[in-house]
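Protein chains in written order, with this note's numbering: chain A, 222 to 499; chain B, 222 to 499.
Backbone N, C-alpha and C fix where the C-beta goes; we use that ideal spot for every residue, glycine too.
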């Protein structure tokens, strides 16, 4: 197997703020740059009670590139009112991203238990199309994140790269692409070819990394630090980079275990794992 | 959507012994027939300390059709010795099935955390091929059960109907087919077409039902009774029956919640749920 070398430096390391959940955005603004981190993806809860524009200035002033805002989506619903509320919330997220200076919003597209997945995907497509004028006006793009099939009941009816690519083609907007996360996709036998297809379509907007632990004790909050699990992250990165992707490698870890630690220690572990396993 | 009617009777209801885990095989031999259940799939742990041939006589004597033995598989391993031990254990399972009078063994094919899934699939195929002479001698068939992608780390590198169909084609033996379980497969956008393909190949050997709960509290032992979750079981049954499948609908539920109940009550609930939701 043709192996990529390790990453030479931290210039493409981005961390999602949820990864160090115990820290406020102000703490993060100091500590990520001090550890050599260059990029940041901001979760919306970190903006609560803040002015997104000022947070954007703070982060950029400290040398951080703002990679994306997490997250929009959750379009499917069983009533017209709830569908409209989801569209309105996504419009608000686009305004927040524009104020923050984030060029991309990651979409967890949504699903409703018992709703046929085809219907949920129709509602997702319609929801995305409804907010496209806001994207065009602000310049903010949307990244459809295919989620692991274990989340198909309630979190996303888009569960593979192929489905995300298909939806991008159906929508046909320069503002809509894909956010690929190894946690959700590593098992897929079509992953290499669908990453290549995504690249050919010009739709590979983001790349997220973490690891899959054995056993996984919790379906939401037991993701592994890179190297703690079974995912060959570097192999998948080689497929991503074969498309010409030159964006950030974004560390996104939900982990009750790691959140319980001193986050300064965890941040050191992230940097070390990034050098060894991404 | 063209809906099938409910099943007219219990003549195609099979239950896996693990579903009523607290009961011994002798208790099961009395209680399933008393509840109108016609088929049984026996888990190997229920045969421990028993003579499989005598258990087979007991079950058939009480009017039960023995549908399959669960389970073989777990072929991939990191040492030759462990791979041979897995093959030997599968040969033993084939002998048990022959003695019991079970025409089929369900395969949970196996995976090793960190082993590339392609390599695991090669070892699975080699393992199955190694035991084919035992199948031919005894007449016992093997059903590859594709497992949900959340089990790709340690339980099975075969995660979709397409992969199971592909492997059947590669092996090309009349003794190797597919056991399709709605729990593992319901999310797959290619499910309908791959069930149809499986039927065309003459490979649809078994059909398992249960439900997917939201939330799922445990990745192994929180399966739902039919109707407790989001799976449109009847729709999938319609795809299965469109292939000409006339076998049993096998109820296979691992559930700490349901195992904690009086199993007589649970058995009544299974029969009711079968009539309403399968």
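query, result
"Expressed to the nearest angstrom, what Euclidean distance is found between the alpha-carbon atoms of residue 417 of chain A and residue 304 of chain A?", "33 Å"
"Below 8 Å CB to CB, which residues in the same chain sit around residue 396 of chain B once its five sequence neighbours on both sides are set aside?", "353, 356, 357, 361, 362 and 363"
"Applying the criterion that 16 or more other CB atoms from any shown protein chain within 10 Å of the CB defines a buried residue, is residue 366 of chain B buried or exposed?", "buried"
"Give the range of the alpha helix (DSSP H) segment to which residue 493 of chain A is assigned.", "484 to 498"
"Just checking, does the segment 461 to 474 of chain A make contact with the segment 421 to 441 of chain B on the three C-beta pairs under 8 Å criterion?", "no"
"At 4 residues or longer, and completely inside the segment 314 to 370 of chain B: list those alpha helix (DSSP H) runs for me, N to C.", "338 to 359"
"Look up residue 237 of chain B in the DSSP assignment and give the residues it is bridged to.", "B:262"
"Starting from the C-beta of residue 452 of chain A, find all residues in its chain whose C-beta is less than 6 Å away, skip the five residues before and the five after it, and write them out in chain order.", "403, 407, 432 and 433"
"Answer with yes or no whether the minimum CB distance from residue 408 of chain B to chain A is below 8 Å.", "yes"
"Would you kindly work out how many angstroms separate the C-alpha atoms of residue 327 of chain A and residue 368 of chain B, rounded to a whole number?", "29 Å"
"Quick one: what's got a C-beta closer than 8 Å to residue 497 of chain B's C-beta in the same chain, skipping five residues either side?", "227, 447 and 448"
"Taking DSSP as the reference, what is the three-state secondary structure of residue 425 of chain A?", "strand"
"Could you work out which residues of chain B lie near residue 298 of chain A, taking near to mean beta carbons separated by less than 8 Å?", "The premise fails here: residue 298 of chain A is roughly 15 Å from chain B at the closest Cβ pair, so nothing lies under 8 Å."
"With distances taken Cα to Cα, identify the nearest neighbour of residue 255 of chain B among B:289, B:485, B:439 and B:391.", "B:485"
"Alpha helix (DSSP H) containing residue 247 of chain A: first to last residue?", "246 to 255"
"I'd like to confirm the pairing. Which residues does DSSP put opposite residue 290 of chain A in its beta bridges?", "A:263 and A:326"
"Would you kindly work out how many angstroms separate the C-alpha atoms of residue 234 of chain B and residue 272 of chain B, rounded to a whole number?", "25 Å"
"Judging by CA-CA distance, which residue of B:269, B:258, B:301 and B:297 is the nearest neighbour of residue 280 of chain B?", "B:258"
"Starting from residue 451 of chain A, find everything on chain B with Cβ-Cβ shorter than 9 Å and list it in chain order.", "332, 333, 334, 335, 336, 373, 374 and 375"
"Which residues in the same chain have their Cβ closer than 7 Å to the Cβ of residue 383 of chain A, if we skip the five residues on either side of it in sequence?", "411 and 415"
"Check whether chain A comes within 8 Å of residue 226 of chain B, counting only Cβ atoms and requiring the distance to be less than that.", "no"
"Under the three-state reduction of DSSP, which class applies to residue 473 of chain A: helix, strand or coil?", "coil"
"Spatial neighbours of residue 480 of chain A within its chain, please: CB distance less than 7 Å, with the 5 preceding and 5 following residues excluded, ordered by chain position.", "242 and 243"
"Return the CA-CA distance between residue 371 of chain A and residue 371 of chain B, expressed in angstroms with no decimal places.", "6 Å"
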